[in-house]
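Visitor:
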Amino acid sequence: MNKVNIQQTGGFPLETDTLKALQDAYSMMQAFGEILAPLAIISGCQATGNNVSNGIVYINGEVLEFRGGAASRYVVIREETESRNFENGEQKTVFIRRWATFGESVQQQYEWSEFYRNPSMQALSTMIANRVIWADFNALKNRVDQLEVFARPFSNGNGAVLFLRPANEIPEGWEEVTDLRGRMPLGWDPNDSQFNLVGRVSGVSKTYVEKRHLPPVGIPYKDAYMLESASSNPGVNGKITLGQSYYGNNKADHDNNTLYYRNATTDPLGSGQALDVLNPHRIVIFIKPI
Numbered sequence: 007m008n009k010v011n012i013q014q015t016g017g018f019p020l021e022t023d024t025l026k027a028l029q030d031a032y033s034m035m036q037a038f039g040e041i042l043a044p045l046a047i048i049s050g051c052q053a054t055g056n057n058v059s060n061g062i063v064y065i066n067g068e069v070l071e072f073r074g075g076a077a078s079r080y081v082v083i084r085e086e087t088e089s090r091n092f093e094n095g096e097q098k099t100v101f102i103r104r105w106a107t108f109g110e111s112v113q114q115q116y117e118w119s120e121f122y123r124n125p126s127m128q129a130l131s132t133m134i135a136n137r138v139i140w141a142d143f144n145a146l147k148n149r150v151d152q153l154e155v156f157a158r159p160f161s162n163g164n165g166a167v168l169f170l171r172p173a174n175e176i177p178e179g180w181e182e183v184t185d186l187r188g189r190m191p192l193g194w195d196p197n198d199s200q201f202n203l204v205g206r207v208s209g210v211s212k213t214y215v216e217k218r219h220l221p222p223v224g225i226p227y228k229d230a231y232m233l234e235s236a237s238s239n240p241g242v243n244g245k246i247t248l249g250q251s252y253y254g255n256n257k258a259d260h261d262n263n264t265l266y267y268r269n270a271t272t273d274p275l276g277s278g279q280a281l282d283v284l285n286p287h288r289i290v291i292f293i294k295p296i
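If you count the sequence shown from 1, you need to add 6 to reach my numbering.
(1) So within the stretch 149 to 233, which uninterrupted beta strand (DSSP E) runs reach at least 3 residues, ignoring any that extend past its ends?
(2) How long is the line joining the alpha carbons of V223 and I246, rounded to whole angstroms?
(3) Specify the secondary structure class of N92 as computed by DSSP and reduced to three states.
(4) Apart from the five residues on each side of it in sequence, which residues of its chain come closer than 8 Å, Cβ to Cβ, to T107?
(5) Buried or exposed for V210, going by 16 or more other Cβ atoms inside 10 Å?
(6) So, are the CB atoms of A77 and Y64 less than 7 Å apart?
(7) With C-beta atoms as the reference, is P191 less than 7 Å away from V283?
(8) Can you tell me the Cα-Cα spacing of N66 and K9, whole angstroms?
(9) Quick check on DSSP: helix, strand or coil for S119?
(10) Under the rule that 16 or more other beta-carbon atoms within 10 Å means buried, what is V58, buried or exposed?
(11) Alpha carbon to alpha carbon, what distance is there between V155 and R149?
Shown next, in the form of structure tokens:
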């Protein structure tokens with residue numbers, strides 16, 4: 007920042023260029039308004055009902071006094087001048103006073119709603135700190151909410167998991183699901199009467215094949231008998247010629263060389279009843295997160 011070394015002995019030359027140097031030096035301070043916004047409220051300008059108090063505003067590179075009053079849509083810049091007589095007798099404009107206030111202008115006007123009120127550095131630091139905390143909190147809350155969704159089936163004891171260690175190593179807060187001892191879980195099926203009731207216990211660990219489980223069919227066989235001679239022709243289905251002749255009963259003859267037979271079928275082996283192959287089980291509902 008430029009400086010003017012005024013405090014000196016020997017008679018300081020207070021000329022117009024000295025005053026201009028002073029004005030140029032403090033005019034640079036207006037650049038701080040750029041860190042706020044093109045239209046900003048620096049101080050004051052507090053609204054009470056429909057009225058706005060006096061304050062300081064920043065408008066496009068210029069820091070201005072704000073003269074409050076009844077609020078309206080637009081803000082304009084007003085200007086007034088004050089003249090002084092110079093040594094040569096001329097009267098010239100010396101003081102130029104500019105301020106902002108509510109009003110309208112065909113040349114330039116600004117929307118009051120677009121003026122940004124910047125918080126103090128202390129308030130801003132608090133806001134930033136709190137925002138970081140809330141961001142961390144919200145992230146943590148989202149994770150907890152997600153974990154609660156996954157834990158919900160277990161929170162009331164209605165969920166079970168596969169555990170691959172001995173019973174004495176079950177972790178704290180968990181216990182054995184005794185309803186599934188020696189049983190396997192089978193999925194619920196509302197369209198099958200065997201599996202449509204959650205909690206139903208059924209099935210056996212072993213089963214036996216009984217006659218009722220055999221298929222309801224007979225086994226065909228040849229019901230054979232020997233005749234006295236090859237010339238006999240009873241009502242039979244076929245014959246088998248033997249390689250030699252055999253004696254009949256009491257050796258009445260010895261020309262028995264043909265074995266005749268009828269086709270026959272055994273009684274049905276069983277009734278064809280289905281064999282239950284279900285292992286011991288309990289009907290459960292398998293679920294998954296969505």
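Ideal placement from N, C-alpha and C gives every residue a C-beta, glycine not left out. Nothing here was measured: the structure is a model prediction, and the numbers come from that model.
Guide: Taking the geometry as given:
(1) 190 to 193 and 226 to 232
(2) Going from the Cα of V223 to the Cα of I246 covers about 27 Å.
(3) Per the sequence shown, the amino acid found at residue 92 is Phe instead of Asn. Coil at F92, not helix or strand.
(4) F72, R73, G74, G75, V81, V82 and R84
(5) exposed
(6) No, Cβ-Cβ distance for A77 and Y64 is not below 7 Å.
(7) With respect to the 7 Å criterion, P191 and V283 are not classified as neighbours on the basis of their beta carbons.
(8) 25 Å
(9) helix
(10) buried
(11) 10 Å
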